[in-house]
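Below is one structure, written out as structure tokens; the observations come after it.
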Amino acid sequence: MNQHLGILGGGQLGRMLALAAHPLGIRVSFVDPSTEAPAASVAKHHPGNYDDPQTLDHLTEADVVTFEFENVPQEAAQRLSQSTPFFPPCEALHVAQDRLTEKDTFQRLGITTPRYVAVNSPADLEKAFLEIGPLVLKTRRFGYDGKGQVVVKSVEEARTAHSKISGVPAIAEKLLSFDRELSVIICRAQDGNSVIYPIVENTHQEGILRRSQAPAPSVSRETETRAQEMARTLAQHLDYVGVLALELFDLGGKLLANEFAPRVHNSGHWTLEGARTSQFENHVRAVLGLPLGSTDSIEPTVMLNLIGSVPAASALLEIEDCHLHDYGKEPREGRKVGHVTVRGSTRDVAERRAEEVVRVIRESAPI
Ligand code: ADP
Ligand code: MG
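Quick note: the sequence shown, position 257, residue 352 per this note's numbering, numbers continuous.
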């Protein structure tokens, strides 16, 4: 009998998980309230809400249930985990869903973070500003792609910023001028063994990931080892199964943990063409108890997100060793609707191809 994987969520991550499961003969079904869920064209869709027990019960027929987004309601995760093997564990969701719990967990594990304090009122924020100076105020819950964040650079701003996030529980973090952002992606199996992808360098604009360079250039042995240690420590602490991404700030070789995602991650999309086994396939393998595959990089790779709209495939595919992933989503400003990966025999070759992709994106952008 073929194995059957259930997924909570059918966005592009669910779709790429389903595409990775397919050649392994694994059946995939998923729950997502949206009638336009990108995964619907490649897997069985059970439309409905995550708080509807009848909808969730469709997934209890699966051998294993996983999820592709962070804000899975705890009740849904708990309910499914009582009837069906459920990976990554609910605890990982619980920790990742709250930036304060997440940062406290990092601290407890000796994983260094930017300085932070809890903020529950404008007075808390003013006090935080006086203590740590320029800062980023972030909602504890539901933030993504830079949403729910306000940069505070003066006492005056500190007095008003909390109302800009509707006064919800938040954390204030020291505003860093880091050298660069890195991420490390680990995949841990049910027996506790793990594999780790080469470190990636990520460029964000307006809080949204724009490009990833893999492997990241100029990563010292010490930095690589430290990043791997951080990821391993966290995954082990959470008794984790599946792919986990840890986002890091690099300050002159000193690494500070920003946040982690208990799921496949945008900064791991390069692995589809750039690594021996993609993050999606390794996640599927891990949660279904199959052996993990090699995470070695094949060639230097650059991944570029397509934000807002997808340029003509014909223009992109003219570029050598260029791979398009169109998620089949309606174009909308600021929305991730696809990504492109280019490889090259050297980093320079990959970079030149990435520049060509940028040119095509720019030329095709709606005026
Ligand atoms: P999310 O990805 O959930 O929206 P992040 O905390 O990762 O939230 O923030 C998004 C981006 O904002 C980061 O990738 C980084 O570019 C920037 N950022 C976040 N925290 C800080 C900070 N303390 N100092 C400077 N820049 C930050
Ligand atoms: Mg982030």
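In this text, a Cβ means the ideal position worked out from N, Cα and C, and glycines have one as well.
Residue i: first and last residue of the uninterrupted beta strand (DSSP E) it sits in
i	result
D345	G337 to L346
G433	K431 to R438
F355	K349 to A356
S176	It is not in any beta strand (DSSP E) - S176 instead sits in the alpha helix (DSSP H) that spans Q169 to S178.
M398	T396 to I402
T155	Here T155 belongs to no beta strand (DSSP E), and DSSP marks it neither H nor E.
Helix, strand or coil at residue i [DSSP, three-state]
i	result
H360	coil
F237	coil
S249	coil
S409	helix
D391	coil
A135	helix
T130	coil
R122	strand
A370	strand
Rounded Cβ spacing between residue i and residue j (contact assumed at less than 8 Å)
i	j	result
N166	F237	6 Å
I456	Q374	In fact, because the Cβ distance is near 24 Å, the residues do not count as touching under 8 Å.
L62	E296	For residue 62 there is no data in the structure shown, the boundaries of the chain being 96 and 462.
L204	I266	About 18 Å separates the two Cβ atoms, so there is no contact after all.
Q173	C185	6 Å
L383	Q98	5 Å
I227	V245	Not quite, the Cβ-Cβ distance comes to about 15 Å (not below 8 Å), so this is no contact.
V123	K139	7 Å
Y335	R380	At roughly 14 Å, the Cβ-Cβ gap does not stay under 8 Å, so Y335 and R380 are not in contact.
N400	H378	Not a contact, Cβ separation roughly 20 Å.
G101	A157	3 Å
T207	L351	5 Å
H257	L232	7 Å
E376	A115	4 Å
P142	D127	7 Å
N428	G403	Note on identity: in this sequence residue 428 is Glu, with Asn being the wrong assignment. The pair is a contact, with the Cβ atoms about 5 Å apart (cut-off 8 Å).
P395	G363	Actually they are not in contact, since the Cβ atoms of P395 and G363 sit about 16 Å apart, beyond 8 Å.
Endpoints, alpha helix (DSSP H) assigned at residue i
i	result
D101	One point to set straight first is that residue 101 is Gly, not Asp, in the sequence displayed. That residue, G101, is in no alpha helix (DSSP H); its beta strand (DSSP E) goes H99 to L103.
D443	R442 to S459
S152	As written in the sequence, residue 152 is Asp, which differs from the Ser given in the question. P148 to D152 is the extent of the alpha helix (DSSP H) around D152.
H420	First-last for H420: C417 to D421, but that is the beta strand (DSSP E), not the alpha helix (DSSP H).
F375	Q374 to V382
R427	Segment: none, R427 is in no alpha helix (DSSP H) and carries neither H nor E.
M111	Q107 to A116
Below 7 Å from a heavy atom of ligand 2 - residues by beta-carbon: Answer in sequence order: E342, N353 and E354.
Whole beta strand (DSSP E) elements within the region 262 to 321, 3-residue minimum: Every beta strand (DSSP E) stretch that sits fully inside the region 262 to 321 and reaches 3 residues is listed by chain position as 265 to 269, 275 to 283, 289 to 291, 295 to 300 and 303 to 309.
Minimum length 3: unbroken beta strand (DSSP E) runs contained in the region 180 to 231: If you keep only unbroken beta strand (DSSP E) runs of at least 3 residues inside the region 180 to 231, you get 211 to 214.
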